[in-house]
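Undergrad:
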Amino acid sequence: AQSVTQLDSQVPVFEEAPVELRCNYSSSVSVYLFWYVQYPNQGLQLLLKYLSGSTLVKGINGFEAEFKKSETSFHLTKPSAHMSDAAEYFCAVSGRDSSYKLIFGSGTRLLVRP
Amino acid sequence: GAVVSQHPSRVICKSGTSVKIECRSLDFQATTMFWYRQFPKQSLMLMATSNEGSKATYEQGVEKDKFLINHASLTLSTLTVTSAHPEDSSFYICSALTSGGAYTGELFFGEGSRLTVL
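Line by line, the protein sequences give chains S and H. FYI, my numbering numbers position 37 of the first sequence as 37, with every residue one higher than the one before it. FYI, my numbering numbers position 113 of the second sequence as 113, with every residue one higher than the one before it.
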């Protein structure tokens, strides 16, 4: 079984400041890792994913994440925040056991201040 | 990217009635769809896995007689909340996995359906 921990329920940043949203996971098997963004009353949009290969993954809207197996982490970063980045961000994990089920973290609300 | 559509996006019903939510993959075939439930300001909780042509697999603690799932075709899965009560009010989101080929590592999510039970 897998689990995901997003320790920060909210992360406030100023516009143009760097962003880091933390994600740690637990799994007894190898995993795929994902970050999704959700705007109010909408579904989820995939930001980026790690399946294999390079551990530094680049996604949409200038976001990237680094898979660190030794730390069981997959933190999301962006060099400079925009007001439009304000949203809820979910880290998710799926086991490589072909179940394809996504397990989500509790989410982190990114607050961007002018 | 692939498109998944949910209908209705919002529904209000009286307690005791049943509500059906549809999840359609518009431009691809999906042998597997997933149904999630999201309470306000909380994460998504997986309710069940829906496989085309077979019975859904429910997660622990989810009442299968309460939340009926049917995946009758490769492009449509439905979630029926039977005898709805106010505690069933929630945001329901479906996702679809493309069929065939290697696992691409991406699920496509619908826009969600907000159910309010009075």
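No residue lacks a Cβ here, since even glycine has one placed at the ideal position from N, Cα and C.
For residue 92/S, which option in 53/S, 113/S, 72/S, 17/S has the closest C-alpha, if you only look at C-alpha atoms?
TA: The residue with the shortest Cα to Cα distance from residue 92/S is 72/S.
Undergrad: Output needed for residue 65/H: all residues of its chain with C-beta closer than 8 Å, excluding positions within five of it in sequence on either side, in chain order.
TA: Same-chain partners within the cutoff: 82.
Undergrad: Flag residue 39/S as yes if its beta-carbon sits less than 7 Å from any beta-carbon of chain H, otherwise no.
TA: Answer no: the Cβ-Cβ gap between residue 39/S and chain H never drops below 7 Å.
Undergrad: Can you give me the C-alpha to C-alpha distance between residue 24/S and residue 47/S, rounded to a whole angstrom?
TA: Going by the C-alpha atoms only, they are around 17 Å apart.
Undergrad: Indicate the three-state DSSP secondary structure (helix, strand or coil) for residue 101/H in the structure shown.
TA: For residue 101/H, the pLDDT reaches just 48, beneath the cut-off of 50, and the residue's location in the model is therefore unreliable, although a value from the coordinates is still provided. Reduced to three states, the DSSP call for residue 101/H is coil.
Undergrad: Are the C-beta atoms of residue 100/S and some chain H residue less than 7 Å apart?
TA: Interface residue, yes.
Undergrad: Looking only at C-alpha atoms, which of 17/H, 37/H, 26/H, 2/H sits nearest to residue 45/S?
TA: When only C-alpha atoms are compared, the closest one is 2/H.
Undergrad: For residue 45/H, write down the residues that DSSP places opposite it in a beta bridge.
TA: DSSP lists 37/H as partners of residue 45/H.
Undergrad: Residues of chain H with CB closer than 8 Å to the CB of residue 90/S, please, in chain order.
TA: Near residue 90/S (Cβ distances below 8 Å), the residues of chain H are 43, 44.
Undergrad: Put residue 69/S into one of helix, strand or coil per three-state DSSP.
TA: Of the three classes helix, strand and coil, the one that applies to residue 69/S here is helix, per DSSP.
Undergrad: Tell me residue 78/S's beta-bridge partners as DSSP assigns them.
TA: Paired residues: 19/S.
Undergrad: For residue 96/H, I'd like the list of residues in its chain whose CB is within less than 6 Å of its CB, leaving aside the five on either flank, ordered along the chain.
TA: Excluding residues within five positions, the ones whose Cβ falls inside 6 Å are 4, 25, 30, 33, 108.
Undergrad: Starting from residue 105/S, find everything on chain H with Cβ-Cβ shorter than 9 Å and list it in chain order.
TA: Within chain H, the residues near residue 105/S are 43.
Undergrad: When DSSP labels each residue in this structure, what does residue 51/H get in the three-state scheme?
TA: Correct three-state label for residue 51/H: strand.
Undergrad: Comparing alpha-carbon positions, which option in 118/H, 117/H, 111/H lies nearest residue 35/H?
TA: With distances taken between Cα atoms, residue 35/H lies closest to 111/H.
Undergrad: Mind checking who residue 108/S pairs with in its DSSP beta bridge?
TA: For residue 108/S, which the question treats as bridged, DSSP gives the partners 89/S.
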